[in-house]
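As structure tokens, the structure follows; a few thoughts come after it.
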Amino acid sequence: MAAEDIKKTAEELQKTGQATAEDIKRTSEEFARAAGNCDVRGMSQAWKQSYLHGLEAFFQSQEQTERLLKETVKQGISGSQQILQGYEKWLDQIQGQAGAGSPFVEWSRQLVRSFHTNADPIFKSAADATESAFNYYQNALARPSRKYAADLNKKAMDTVISA
């Protein structure tokens, strides 16, 4: 799940970057057209729209980066759990090859199995806590802050550059 989410988020980041580049090109054409006609109002409107589109693109990329970070943390937790599972399977194979006469391998298997049994709930809790913390951050702080900043900037631009 997480690797696919990371790939999807990376693709979304790339699309946002491409859309921003297209907005910049379109704005520069509008600005150049307005400048050619000595249309100061048109130039200011083009600049204002460019600024607001750039701000929106920045906020989108910020949110996508935060999702990427969340998935990366969850992958790290999952990776630690998978390492323990792999080590436990490897010790099982060694025990099968060495037979019952290898107390060190048996002791290692018991130690890893005990640690793995105790760590599994911790890994699950850590993954759940990560998901919960990131979701709380997004819903309680990040999205409202981005919306407030976008609205404030739009009002400021509307005040400074009227239609």
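First residue of the sequence shown: 2, per this note's numbering; consecutive thereafter. Just so it is clear, CB atoms sit at the ideal spot from N, CA and C, and this is done for glycine as well.
Residues of the same chain with a CB within less than 8 Å of the CB of L69, apart from the 5 flanking positions on each side, are I7, T10, A11 and L14 in chain order.
Here the alpha carbons of K16 and A99 stand approximately 55 Å from one another. Between I78 and T131, the gap from beta carbon to beta carbon is short of 9 Å. Using a 10 angstroms sphere on the CB of Q83, the tally of other CB atoms stays under 16, which defines it as exposed. Separation of E31 and T21 (C-alpha to C-alpha, rounded to the nearest whole angstrom) is 15 Å. By the beta-carbon neighbour count (other beta carbons within 10 angstroms, threshold 16), A47 is buried.
Per DSSP, N140 lies in no alpha helix (DSSP H) and is assigned neither H nor E.
Beyond the five residues adjoining it in sequence on each side, A151 comes within less than 7 Å, by CB distance, of L56, E57 and F60 in the same chain, given in chain order.
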